[in-house]
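Colleague: For the record, in the sequence shown the residue sitting at position 34 is 34 according to UniProt numbering, with numbers rising by one throughout.
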Amino acid sequence: MRLALFQPDIPQNTGTLLRLAACMNIGVDIIEPCGFVLDDKRMRRAGMDYLHRVDLIRHNSWDTFVDAKKTQGGRLILLSTKAAHIYTEFEYHPDDTLLLGRESQGVPCDVHDHADERLIIPMAQGMRSINVAISAAMVLGEALRQTGGFPG
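Put into structure tokens, the structure is as follows:
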């Protein structure tokens, strides 16, 4: 199981996601360009001393990520407010990659269309979105529960 961050633009969320990945013993792919320098102090503060424990792969572009994903295998599962399938009603596989869009814009249509599946977190009427790190934690928790992938 991996997380993929598409052009993240809030360093604190990226740090939090890297910390989550370290604690859950999963890898992270960061798809550039980021909206900040990856050694940003705000990211390091949110990630604390966990950042060195993450299996982190940086990709220069969406295309380089897609090429690497072909070699790596597994499905690409997009978390999106524009999806129809509820994340708790989906059957996850241990080699899935959960793709998270930019906090400010999500992902472009070509990235959305490339995903093997698109999942949504149900929300109260009138709400636009849940913080990307919280969304990732919710969906990753369900995926790890289903696949028996929690560490320890």
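All C-beta atoms in this analysis are idealised placements derived from N, C-alpha and C, irrespective of residue type, glycine included. This structure is a prediction, so every number in the text was calculated from the model and none was measured.
Mind checking who A68 pairs with in its DSSP beta bridge?
Modeller: The residue you call residue 68 lines up with position 68 of the sequence shown. According to DSSP, A68 bridges with nothing at all.
Colleague: Verify whether the separation of the beta carbon atoms of L99 and I77 is less than 8 Å.
Modeller: Position 99 of the sequence shown, counted from the first residue, corresponds to residue 99. Position 77 of the sequence shown, counted from the first residue, corresponds to residue 77. Going by C-beta atoms, L99 is nearer than 8 Å to I77.
Colleague: Could you name the residues of the same chain whose beta carbon sits closer than 8 Å to that of V28, not counting the 5 residues immediately before and after it, in chain order?
Modeller: By 1-based counting over the sequence shown, the position of residue 28 is 28. Around V28: R2, L3, A4, L5, L17, L18, A21, V54, D55, L56, I57.
Colleague: Excluding sequence positions up to five away, which residues of its chain have a Cβ less than 7 Å from the Cβ of W62?
Modeller: Position 62 of the sequence shown, counted from the start, is the residue given in the question as residue 62. Only I31, V111 meet the Cβ criterion.
Colleague: May I have a chain-ordered list of the alpha helix (DSSP H) segments no shorter than 4 residues that lie completely inside the UniProt domain "tRNA/rRNA methyltransferase SpoU type" (2-140)?
Modeller: If we require 4 residues or more, the alpha helix (DSSP H) runs fully inside the UniProt domain "tRNA/rRNA methyltransferase SpoU type" (2-140) come out as 11-24, 41-47, 62-72, 109-114.
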